[in-house]
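Novice: Take the sequence shown: its letter number 29 is residue 29 in the UniProt record's numbering, and every next letter is one higher. Note that CB positions come from ideal geometry on N, CA and C, so glycine has one too.
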Amino acid sequence: MCSVIRFLNAKKVKPAEIHRQLVEIYGENVMTVGMVRKWVRQFNDGLTNVHDEARSGRPSVVNGGLVAKVNEKIRENRRFTIRMLFDEFPQIAKTVLHEIVTNRLNYRKLCSRWVPKMLTDVHKTK
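#1: With 16 as the cutoff for other CB atoms within 10 Å, does Tyr-107 come out buried or exposed?
#2: Leaving aside the five residues before and after Val-96 along the sequence, list all residues of the same chain whose C-beta is less than 7 Å from its C-beta, in chain order.
#3: Less than 9 Å between the beta carbons of Pro-15 and Val-30, yes or no?
#4: With Ile-18 and Ile-5 assumed to form a contact (beta carbons below 8 Å), what rounded beta-carbon distance in angstroms separates them?
#5: Would you call the stretch 84-102 in contact with the stretch 62-75, where contact means no fewer than 3 C-beta pairs closer than 8 Å?
#6: Short of 8 Å in beta carbon distance, which residues of its chain neighbour Ala-68, apart from the five on each side in sequence? Order them along the chain.
#7: Does Lys-124 come out as helix, strand or coil in the three-state DSSP assignment?
#8: Under the three-state reduction of DSSP, which class applies to Leu-105: helix, strand or coil?
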């Protein structure tokens with residue numbers, strides 16, 4: 001959408017006309033005139049990138065140190081439960097702990113013990 005606005009703005013088309021053309025092609029809910037004017041203003045001020053800039057988002061609590069600590073606790077007692085891990089790390093949500101155990105450390109439950117997955121990606125492709 002922004003590429004179209006940038007192109008039409010370079011051809012000296014007015015923001016209201018750009019909006020009219022967008023509505024004609026994409027429908028009523030495409031974008032407001034005010035938003036088109038905002039983009040035109042930004043392009044006139046020198047903006048050249050039409051893609052959204054990266055956003056920081058919510059910071060992740062999972063880091064290498066936490067994964068190592070969880071792995072250490074697992075190796076101490078293979079018959080642990082996620083609940084027991086939660087008691088050890090109360091600041092970390094149970095869903096995050098489960099994600100660390102299953103996705104990051106690649107453990108799975110077998111006969112009430114957590115064991116590493118034995119099949120690697122190479123084994124799976126054979």
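Specialist: Based on what the coordinates show:
#1: To locate residue 107, count along the sequence shown from 1; it is residue 107. So Tyr-107 ends up on the buried side.
#2: Mapped onto the sequence shown, residue 96 falls at position 96. Once the five neighbours on either side are set aside, the close Cβ partners of Val-96 are Val-61, Val-62.
#3: For the purposes of this step, residue 15 is taken as residue 15 along the sequence shown, with counting starting at 1. For the purposes of this step, residue 30 is taken as residue 30 along the sequence shown, with counting starting at 1. In terms of Cβ geometry, Pro-15 and Val-30 do not form a close pair [threshold 9 Å].
#4: Within the sequence shown, the letter at position 18 stands for residue 18. Within the sequence shown, the letter at position 5 stands for residue 5. Yes, they are in contact, since the Cβ atoms of Ile-18 and Ile-5 sit about 6 Å apart, within 8 Å.
#5: yes
#6: By 1-based counting over the sequence shown, the position of residue 68 is 68. Correct list: empty, nothing qualifies.
#7: Position 124 of the sequence shown, counted from the first residue, corresponds to residue 124. Looking at Lys-124 - three-state DSSP - the assignment turns out to be helix.
#8: The count along the sequence shown starts at 1 and reaches residue 105 at position 105. Residue state, collapsed to three classes: coil.
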